[in-house]
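Worksheet: one structure, shown below.
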Amino acid sequence: MSDEAPNPPAPDDSRPPMPPASFNFIVLSLRTQAEMQLGLMRFSEEEQPPDLPLARHTIDLMAVLLEKTKGNLALDEHRMLENSLTELRFRFVQVSDDVAKAAAQKA
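Oh and the sequence shown: position 56 is 55 in numbering that gives the first Met the number 0, straight run, nothing missing.
Shown next as structure tokens:
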């Protein structure tokens with residue numbers, strides 16, 4: 000199923016074709032969600048405050064995925080998931096510190 004070609008858009012649909020379903024796409028989707036929840040990525044001019052509990056949950060989901068797929072991933076899949084987790088955990092700590100400093104300055 001993951002080797003199928005992307006779904007072509009319907010003739011009246013202006014959206015781009017969907018990427019093929021794959022493990023790497025799952026990891027990239029979760030990583031993007033976490034980055035948005037941490038406030039590292041946004042799609043509008045408005046700056047949204049980080050949602051640390053939701054970001055922590057998404058990172059934890061990725062950790063569960065890593066644990067449950069141990070020994071069943073190709074090397075590149077394992078590296079992508081492990082590297083994404085490492086970076087997101089580091090960014091989580093950075094953003095948490097920034098939020099704490101900003102709260103302290105307001106007090």
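Virtual Cβ for every residue (Gly too), placed ideally from N, Cα, C.
Cα-Cα, which of P16, R14, S13, S21 is closest to A73?
Locating residue 73 in the sequence shown gives position 74, where the first residue counts as 1. Comparing Cα positions, the closest option is S21.
Does the separation of the CB atoms of F24 and I58 fall below 9 Å?
Position 25 of the sequence shown, counting from 1, holds the residue named residue 24. Position 59 of the sequence shown, counting from 1, holds the residue named residue 58. No, the pair does not count as a contact, with Cβ atoms beyond the cut-off.
Are L37 and L87 close, meaning C-beta to C-beta below 9 Å?
Residue 37 sits at position 38 when you count from the first residue of the sequence shown. Residue 87 sits at position 88 when you count from the first residue of the sequence shown. Against a cut-off of 9 Å, the Cβ pair of L87 and L37 comes out as a contact.
Within 10 Å of its beta-carbon, does M61 have 16 or more other beta-carbons around it, so buried, or fewer, so exposed?
Within the sequence shown, numbered from 1, the residue matching residue 61 stands at position 62. Its Cβ being crowded by 16 or more others within 10 Å, M61 is buried.
The alpha helix (DSSP H) that contains R14, what's its start and end?
As a working mapping, residue 14 is identified with position 15 in the sequence shown. From DSSP, R14 is part of no alpha helix (DSSP H); its letter is neither H nor E.
Candidates S28, M35, L53, A54: closest to E46 by CA position
Position 47 of the sequence shown, counting from 1, holds the residue named residue 46. Minimum Cα distance to E46 is reached at M35.
Selected residue, minimal CA-CA separation from S95, among S83, N71, L39
Looking up residue 95 in the sequence shown gives position 96. Looking at the Cα atoms, L39 is the closest of the given residues.
Taking the alpha-carbon positions, what's the M17 to V98 distance?
As a first step, residue 17 is located in the sequence shown; it is residue number 18 there, counting from the start. As a first step, residue 98 is located in the sequence shown; it is residue number 99 there, counting from the start. Answer to the nearest angstrom: the Cα atoms are 36 Å apart.
Where does S83 sit, in a helix, a strand or coil, going by DSSP?
Along the sequence shown, read from residue 1 onward, the residue named residue 83 stands at position 84. Three-state result, S83: helix.
Mind pulling the alpha helix (DSSP H) runs of 4 or more residues that sit fully within the stretch 20-48?
22-36
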